[in-house]
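**Q**
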Amino acid sequence: MGIFFSTETKSPQDEKSTSVAVQPKQTEVKDYKILLLGAGDSGKSTIARQTRYIYLNGYTDDEAKDSFHDSCQHNILLCIQLLCRNLEKYGLKPAEDIQKDVDYYKNINPYELPLENSLVPVITAIWKDPAVQQLYSIHRNEIQLPDVAKYCLENVDRIASDSYVPSKQDILNCLQRTTSTKESEFIVDSAKLNLFDFGGKRKERRQWFQHFEGTKAVVFCAALSDYNITLIEDQAINRLEDTIQLWKEVLVNPAFKHVPIFLLLTKQDIFREKLGRDPLEKYFSDYTGGDDFQKGVEHIRNLFFRETPKGLLVVAHVCTATSTENIKTVFDSIRKSIVNINNQRAARLSTGSTSSSSTSAAPASPVTNATTNTPIAQPQQ
Numbered sequence: 279m280g281i282f283f284s285t286e287t288k289s290p291q292d293e294k295s296t297s298v299a300v301q302p303k304q305t306e307v308k309d310y311k312i313l314l315l316g317a318g319d320s321g322k323s324t325i326a327r328q329t330r331y332i333y334l335n336g337y338t339d340d341e342a343k344d345s346f347h348d349s350c351q352h353n354i355l356l357c358i359q360l361l362c363r364n365l366e367k368y369g370l371k372p373a374e375d376i377q378k379d380v381d382y383y384k385n386i387n388p389y390e391l392p393l394e395n396s397l398v399p400v401i402t403a404i405w406k407d408p409a410v411q412q413l414y415s416i417h418r419n420e421i422q423l424p425d426v427a428k429y430c431l432e433n434v435d436r437i438a439s440d441s442y443v444p445s446k447q448d449i450l451n452c453l454q455r456t457t458s459t460k461e462s463e464f465i466v467d468s469a470k471l472n473l474f475d476f477g478g479k480r481k482e483r484r485q486w487f488q489h490f491e492g493t494k495a496v497v498f499c500a501a502l503s504d505y506n507i508t509l510i511e512d513q514a515i516n517r518l519e520d521t522i523q524l525w526k527e528v529l530v531n532p533a534f535k536h537v538p539i540f541l542l543l544t545k546q547d548i549f550r551e552k553l554g555r556d557p558l559e560k561y562f563s564d565y566t567g568g569d570d571f572q573k574g575v576e577h578i579r580n581l582f583f584r585e586t587p588k589g590l591l592v593v594a595h596v597c598t599a600t601s602t603e604n605i606k607t608v609f610d611s612i613r614k615s616i617v618n619i620n621n622q623r624a625a626r627l628s629t630g631s632t633s634s635s636s637t638s639a640a641p642a643s644p645v646t647n648a649t650t651n652t653p654i655a656q657p658q659q
């Protein structure tokens, strides 16, 4: 995403993954096309990778190396570059013995400089410097530092090793800019799910519309933690407000008139941590819930619900994309809902029902439980 994503490494395994059906051959398998939409850095691609771990066999060592090795190393160099570049901006001075190293890393190309093992002591010294830690603690949002910076820099010795093979957590935390449409395919309980992941940056969104036909469900990702961050492309625009505008533009498309929409409010862990140090009411003047996590989630959820066209079925889940257990719970619920809703619609059509809205299949509970991921149904309008 933006300047802090490495160029995507494409491989045949990345472009399309297939699984072995878990049902007998004679069982009819139904196809369900699912679009994974949302702004950049909203957790879309992480969720797509999670489905591969949950429903398939994850990544082999060769696949992990081919697809993520270079990106994980680029992430480290990019994070250290951003930190070094912004010290002076905030009047912070590093220790004298690393000043030359800081000056050097300001001007590197993080996508061309190899992350060799010999660089680890210097990168570690920069990261642990008090001035750098102060910059990270107070100003990381302003300098557009990736959420995974701490994870990357605290694992630099392992990631820089000559024998490095990306681990599952490395893959889930790896930042890559999605520049091509990526399809994952898996079969569970006689349902073949085809999940399409698209690039989320503004210039890449125009590619989405050619894939809308035949969609059975939309999973739209929105990062709760974006409330205090601006777009890299336009720093006058708040990221969360941009995501809400994107939500509006997507849902007015006629292709989704009878399609269930699942709103995934991601990065709940980062959002919870941010609330105490950067009040939500600073960015949304009508919010009065203070640093109460539940009230903050409800406020942001309702910002999306207010912009939802009447008659659509929308169910919201709160999640952390890097947690496999969390995403399995959420995606299993989504998968079952997609099958049930589409089966009910098919049954109505076969009986000649004139009902055209899928909202009748909406879960009844209007209450959210962000901790246990109880789904939230949009209030009937």
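The sequence shown maps to residues 279 to 659 in the working numbering. Ideal placement from N, C-alpha and C gives every residue a C-beta, glycine not left out.
List the endpoints of the continuous beta strand (DSSP E) containing I312.
**A** As a first step, residue 312 is located in the sequence shown; it is residue number 34 there, counting from the start. Run containing I312: K308 to G316, per the beta strand (DSSP E) assignment.
**Q** Would a C-beta distance cut-off of 7 Å place A599 and I325 closer than the cut-off?
**A** On the sequence shown, residue 599 is found 321 positions in, with the first residue counted as 1. On the sequence shown, residue 325 is found 47 positions in, with the first residue counted as 1. Yes, the pair counts as a contact, with Cβ atoms nearer than the cut-off.
**Q** Beta-carbon within less than 7 Å of I612's beta-carbon, same chain only, minus the 5 sequence neighbours each way: which residues are those?
**A** By one-based count along the sequence shown, residue 612 stands at place 334. V497 and F540.
**Q** With distances taken between CB atoms, is the gap from I354 to C430 smaller than 7 Å?
**A** In the sequence shown, the residue the question calls residue 354 occupies position 76. In the sequence shown, the residue the question calls residue 430 occupies position 152. Cβ atoms of I354 and C430: closer than 7 Å.
**Q** Rounded to whole angstroms, what's the CA-CA distance from V528 to A594? Just pull it up for me.
**A** Looking up residue 528 in the sequence shown gives position 250. Looking up residue 594 in the sequence shown gives position 316. Looking at the two C-alpha atoms, the distance is approximately 16 Å.
**Q** Using DSSP bridges, identify the partner residues of S320.
**A** As a position in the sequence shown, residue 320 is number 42, starting the count at 1. DSSP output for S320 lists no bridge partner at all.
**Q** What number of angstroms, rounded off, separates the C-alpha of F474 from the C-alpha of A373?
**A** Here residue 474 corresponds to residue number 196 of the sequence shown, with the count starting at 1. Here residue 373 corresponds to residue number 95 of the sequence shown, with the count starting at 1. Taking the straight line joining both Cα atoms gives about 47 Å.
**Q** Exposed or buried, V307, counting other C-beta atoms within 10 Å across all chains shown (16 or more means buried)?
**A** Locating residue 307 in the sequence shown gives position 29, counting from the first residue. The residue in question, V307, is exposed, as its Cβ has fewer than 16 Cβ neighbours within 10 Å.
**Q** Give the secondary structure of C357 by DSSP, where H, G and I count as helix, E and B as strand, and everything else as coil.
**A** For the purposes of this step, residue 357 is taken as the residue at position 79 of the sequence shown. Three-state result, C357: helix.
**Q** Alpha carbon to alpha carbon, how far is I605 from E366?
**A** Residue 605 sits at position 327 when you count from the first residue of the sequence shown. Residue 366 sits at position 88 when you count from the first residue of the sequence shown. Each residue's alpha carbon lies about 40 Å from the other.
**Q** Less than 7 Å between the C-beta atoms of C597 and T544, yes or no?
**A** The count along the sequence shown starts at 1 and reaches residue 597 at position 319. The count along the sequence shown starts at 1 and reaches residue 544 at position 266. In contact: C597 and T544 (Cβ atoms closer than 7 Å).
**Q** Quick check: the segment 414-428 against the segment 311-318, are there 3 or more CB pairs under 8 Å?
**A** Touching, no, given that fewer than three Cβ pairs across the two stretches are closer than 8 Å.
**Q** Expressed to the nearest angstrom, what Euclidean distance is found between the alpha-carbon atoms of D309 and L361?
**A** Stepping through the sequence shown from its first residue, residue 309 is reached at position 31. Stepping through the sequence shown from its first residue, residue 361 is reached at position 83. Rounded to the nearest angstrom, the two C-alpha atoms are 47 Å apart.
**Q** Do V434 and K343 count as a contact pair if the criterion is CB distance below 7 Å?
**A** Counted from its first residue, the sequence shown places residue 343 at position 65. Counted from its first residue, the sequence shown places residue 434 at position 156. Cβ distance not < 7 Å, so K343 and V434 don't count as in contact.
**Q** Quick one: using the 10 Å Cβ neighbour count with 16 as the cut-off for buried, is I515 buried or exposed?
**A** The sequence position of residue 515 within the sequence shown is 237, counting from 1. Result: exposed.
**Q** Going by C-alpha to C-alpha distance, which of D348, T602 and T459 sits closest to Q488?
**A** Numbered from its first residue, the sequence shown carries residue 488 at position 210. Comparing Cα positions, the closest option is T459.
**Q** Please classify L627 as buried or exposed, where buried requires at least 16 other C-beta atoms within 10 Å of its C-beta.
**A** As a position in the sequence shown, residue 627 is number 349, starting the count at 1. Per the 10 Å Cβ criterion, exposed.
**Q** How many angstroms separate the CA atom of T607 from the CA atom of Q411?
**A** Taking the sequence shown and counting its residues from 1, one reaches residue 607 at position 329. Taking the sequence shown and counting its residues from 1, one reaches residue 411 at position 133. So the two alpha carbons sit approximately 36 Å from each other.
**Q** Measure the CB-CB distance between N660 and K311 and report whether it falls below 7 Å.
**A** What the structure shows of the chain is the stretch from 279 to 659, and residue 660 is not part of that stretch, so it cannot be assessed.
**Q** Taking the alpha-carbon positions, what's the A624 to H536 distance?
**A** What you label residue 624 is simply residue 346 of the sequence shown in a count that begins at 1. What you label residue 536 is simply residue 258 of the sequence shown in a count that begins at 1. The straight-line gap from Cα to Cα measures roughly 11 Å.
**Q** Quick one: using the 10 Å Cβ neighbour count with 16 as the cut-off for buried, is Q454 buried or exposed?
**A** Translated into the one-based positions of the sequence shown, residue 454 becomes position 176. Q454 comes out buried.
**Q** Taking F498 as part of the beta strand (DSSP E), name the residues at either end of that continuous run.
**A** Numbered from 1 along the sequence shown, position 220 holds the residue referred to as residue 498. A495 to A501 is the extent of the beta strand (DSSP E) around F498.
**Q** Helix, strand or coil: which one does DSSP assign to N433?
**A** Here the question's residue 433 lines up with position 155 in the sequence shown. If DSSP states are grouped into helix, strand and coil, N433 belongs with coil.
**Q** Use the C-beta contact count for R584: other C-beta atoms within 10 angstroms, 16 or more gives buried, fewer gives exposed.
**A** Start at 1 with the first residue of the sequence shown, and residue 584 comes out as number 306. Per the 10 Å Cβ criterion, exposed.
**Q** Could you tell me the distance, in whole angstroms, from the CA atom of Y333 to the CA atom of F464?
**A** Here residue 333 is taken as the residue at index 55 of the sequence shown, counted from 1. Here residue 464 is taken as the residue at index 186 of the sequence shown, counted from 1. Those two C-alpha atoms are separated by around 7 Å.
**Q** DSSP state of T607, grouped into three classes?
**A** Residue mapping note: residue 607 aligns to position 329 of the sequence shown, counting from 1. Correct three-state label for T607: helix.
**Q** Among K406, P408 and F534, which one has its Cα closest to the Cα of G492?
**A** Numbered from 1 along the sequence shown, position 214 holds the residue referred to as residue 492. The shortest C-alpha separation from G492 is found at F534.
**Q** Checking the sheet assignment: what are the DSSP bridge partners for D475?
**A** Indexing the sequence shown from 1 puts residue 475 at position 197. In DSSP, D475 forms a bridge with L314 and K460.
**Q** One question on the structure: do W525 and F582 come within less than 7 Å of each other, judged by their Cβ atoms?
**A** Residue numbering aside, residue 525 sits at position 247 when the sequence shown is read from its first letter. Residue numbering aside, residue 582 sits at position 304 when the sequence shown is read from its first letter. Yes, the Cβ-Cβ distance between W525 and F582 is below 7 Å.
**Q** Taking the CB atoms as reference points, tell me whether D564 and L553 lie closer together than 7 Å.
**A** The residue given as residue 564 occupies position 286 in the sequence shown. The residue given as residue 553 occupies position 275 in the sequence shown. For D564 and L553, no; Cβs fall outside 7 Å.
**Q** Going along the chain, which unbroken runs of the alpha helix (DSSP H) with 4 or more residues stay wholly within the segment 342-401?
**A** Runs of the alpha helix (DSSP H) inside the segment 342-401: 377-384.
**Q** Beta-carbon within less than 6 Å of P388's beta-carbon, same chain only, minus the 5 sequence neighbours each way: which residues are those?
**A** Position 110 of the sequence shown holds residue 388. So the qualifying residues of the chain are H352, L355, L356 and Q359.
**Q** How big is the Cα-Cα spacing for L391 and N618?
**A** Translated into the one-based positions of the sequence shown, residue 391 becomes position 113. Translated into the one-based positions of the sequence shown, residue 618 becomes position 340. Roughly 51 Å separates the two Cα atoms.
**Q** Mind checking who K540 pairs with in its DSSP beta bridge?
**A** As a first step, residue 540 must be located in the sequence shown, where it is residue number 262. Note on residue identity: the sequence assigns Phe, not Lys, to residue 540. Per DSSP, V497 and V593.
**Q** Can you tell which of V426, K494 and I578 has its C-alpha closest to the C-alpha of A500?
**A** Within the sequence shown, residue 500 is the residue found at index 222, counting from 1. Selected option, being the one with the closest Cα: I578.
**Q** Assign K378 to buried or exposed, taking buried as 16 or more other Cβ atoms, counted over all protein chains shown, within 10 Å of its Cβ.
**A** Mapped onto the sequence shown, residue 378 falls at position 100. When all chains shown are included, K378 counts as exposed.
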